[in-house]
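Residue numbers (this note's numbering): 71 to 381. Ideal placement from N, C-alpha and C gives every residue a C-beta, glycine not left out. Predicted model, so just to flag it, every value in this text is computed and none were measured.
This is the structure:
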């Protein structure tokens, strides 16, 4: 039976050419799935014949305008960092210990270690590491959203999170998956030595994050570590309602244990043709989609899911 697959993209986030290539891969593999491509834009209406056969819709980002006329829809979701951590833990994925920041919160070094991470939970707030700090556990003090506004910062509730120490320089892994299948994976290491708060310094942002906003640069290479790739796939199984995930993982320096920080469920991490990627199109001379063959993997995965879920 013929089935339809709709690929929806936000033109502001990435090029439609990515979808065109994936659609060509699907057509080369099977003749029981017909692919349609639409922008997630105002006034765009699906073709009438789209409903003639069972349909599945996929979009990595949160849908703003497109309305699927029938069938299952898999798209990005607005899920705060706190809820992500809850869902991951419920699904058996190791995450850092955490608690909501609140007035009069007191933390024990025995339970939490000498340092904690403080980060906003508002969806989209901490993009590129914005607002993330390392604080001394014994000197931690709550900052209310109202005080943040007075300080000229965007208001958000905060969480206090166990500090996973990756060594002298912040080092993390970003693994991008579609329905749990790995498209590419990066190792990211800050070039700024982590400043651990001491003396009169109770909080710092210096060297805390390893992502693109880390001042002073970072070292980025491809990751092929099978344990990390498998860990990222397990994160999808914990939150399967988010089809496209950019999983942020850290390995503890001493014990080697892996922890998931978040999955970036909003889909703004389709970094094959995004504006950010156009500035740095290759890693080690290789395009992201060529590390494992992302377009072929995406095609195979979408064929499987369309056959299973189109309705």
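Who does residue i pair with in a DSSP beta bridge?
{"i": "residue 129", "result": "145"}
{"i": "residue 352", "result": "357"}
{"i": "residue 206", "result": "185"}
{"i": "residue 77", "result": "107 and 128"}
{"i": "residue 278", "result": "According to DSSP, which records beta bridges pairwise, residue 278 is partnered with nothing at all."}
{"i": "residue 228", "result": "190"}
{"i": "residue 247", "result": "252 and 315"}
{"i": "residue 168", "result": "231"}
{"i": "residue 260", "result": "288"}
{"i": "residue 239", "result": "263"}
{"i": "residue 330", "result": "319"}
{"i": "residue 383", "result": "In the structure as shown, the chain begins at 71 and stops at 381. Residue 383 is therefore absent and cannot be evaluated."}
What is the C-beta distance between residue i and residue j, in whole angstroms, given that I count them as a contact (C-beta under 8 angstroms)?
{"i": "residue 247", "j": "residue 315", "result": "5 angstroms"}
{"i": "residue 256", "j": "residue 290", "result": "6 angstroms"}
{"i": "residue 232", "j": "residue 168", "result": "7 angstroms"}
{"i": "residue 337", "j": "residue 132", "result": "6 angstroms"}
{"i": "residue 390", "j": "residue 112", "result": "The first residue shown for the chain is 71 and the last is 381, placing residue 390 beyond what the model contains."}
Look at the Cβ atom of residue i, then the Cβ atom of residue j, and state whether they are nearer than 8 angstroms.
{"i": "residue 137", "j": "residue 191", "result": "no"}
{"i": "residue 244", "j": "residue 318", "result": "yes"}
{"i": "residue 235", "j": "residue 258", "result": "no"}
{"i": "residue 97", "j": "residue 86", "result": "no"}
{"i": "residue 229", "j": "residue 180", "result": "no"}
{"i": "residue 313", "j": "residue 128", "result": "yes"}
{"i": "residue 379", "j": "residue 126", "result": "yes"}
{"i": "residue 306", "j": "residue 250", "result": "yes"}
{"i": "residue 43", "j": "residue 356", "result": "No information on residue 43 is available, as it lies outside the stretch 71 to 381 that the chain covers here."}
{"i": "residue 342", "j": "residue 358", "result": "yes"}
From the beta carbon of residue i, is the nearest beta carbon of chain C less than 8 angstroms away?
{"i": "residue 237", "result": "No chain C is present in this structure, which holds just one protein chain."}
ask   = Contact between the region 318–333 and the region 132–147: three or more CB pairs below 8 angstroms?
value = Short answer: they don't touch.
ask   = Is the region 368–375 in contact with the region 342–357, if contact means three or more CB pairs nearer than 8 angstroms?
value = Below 8 angstroms, too few C-beta pairs join the region 368–375 and the region 342–357 to call them touching: fewer than three.
Runs of beta strand (DSSP E) wholly within the region 292–328 (minimum 3 residues, chain order) = Counting only runs of at least 3 residues, the region 292–328 fully encloses the following beta strand (DSSP E) elements, listed from N- to C-terminal order: 314–321.
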